[in-house]
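Participant: The opening position of the sequence shown corresponds to residue 634 in this note's numbering, with each subsequent residue numbered one higher. No residue lacks a Cβ here, since even glycine has one placed at the ideal position from N, Cα and C. Sharing a structure with you now.
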Amino acid sequence: MQDKLFDVLLHPIQTEKATKLSAFSKYVFKVKADASKSAVSSAVEKIFNVKVVKVNIVRLKPKLKRFKGIVGQRQGYKKAIVSLESGKVLDLGLGS
């Protein structure tokens, strides 16, 4: 069970929007495609020792890309926006 918790979160997402959300105690993670809200919540609580208030999950669809006239697809993924109690901070080691 403990090993599965570490497999749910793939890595934190560092974008301009995610950085702005961190001011409101919200953090964005790329998660496995079969991850549920409860699995993400318990993984964050166990790994970072914080209380999770809410989890929102977004499934991003694959994008069509062209390279030298050949059409391909960029892989889609699933991300989770994790809301913590107000004032709580996660040290993700992103240098921000």
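Rank SER719, VAL722, VAL715 and LYS684 by C-alpha distance to the C-alpha of LEU642 and give the top, closest one.
Facilitator: Position 9 of the sequence shown, counted from the start, is the residue given in the question as residue 642. Considering only alpha carbons, the answer is VAL715.
Participant: On a CA-only basis, which of VAL664, GLN647, LYS650 and PRO695 is nearest VAL704? Give me that one, please.
Facilitator: Counting from one through the sequence shown, the residue named residue 704 turns up at place 71. Comparing Cα positions, the closest option is PRO695.
Participant: Take LYS711 and list the residues in its own chain whose beta-carbon comes closer than 8 Å to its own, dropping the five residues that flank it on each side.
Facilitator: As a first step, residue 711 is located in the sequence shown; it is residue number 78 there, counting from the start. Around LYS711: LYS663, VAL664, LYS665, ALA666, ALA668, ILE690, VAL691, ARG692 and LEU693.
Participant: Within the continuous beta strand (DSSP E) that includes ALA666, where are the two ends?
Facilitator: Along the sequence shown, read from residue 1 onward, the residue named residue 666 stands at position 33. Neither: ALA666 is in no beta strand (DSSP E) and is coded neither H nor E.
Participant: Measuring straight from C-alpha to C-alpha, what distance separates SER674 and VAL683?
Facilitator: By 1-based counting over the sequence shown, the position of residue 674 is 41. By 1-based counting over the sequence shown, the position of residue 683 is 50. Each residue's alpha carbon lies about 10 Å from the other.
Participant: Nearest to LEU717 by CA position, among PHE681, THR652 and SER658, is which residue?
Facilitator: Your numbering for residue 717 matches position 84 in the sequence shown. The shortest Cα separation from LEU717 among PHE681, THR652 and SER658 belongs to SER658.
Participant: Just reading off the alpha helix (DSSP H) that LYS701 is part of, what are its end residues?
Facilitator: Position 68 of the sequence shown, counted from the first residue, corresponds to residue 701. Careful: LYS701 lies outside any alpha helix (DSSP H) and carries neither H nor E.
Participant: Starting from the Cα of LEU609, find the closest Cα among ALA713, SER671, TYR660 and LYS670 and give me that residue.
Facilitator: Absent from the structure is residue 609, since the part of the chain shown begins at 634 and ends at 729.
Participant: In the DSSP output, which residue or residues are listed as bridge partners for ALA713?
Facilitator: In the sequence shown, the residue the question calls residue 713 occupies position 80. In the DSSP output, where bridge partners are listed per residue, ALA713 has PHE662 and ILE690.
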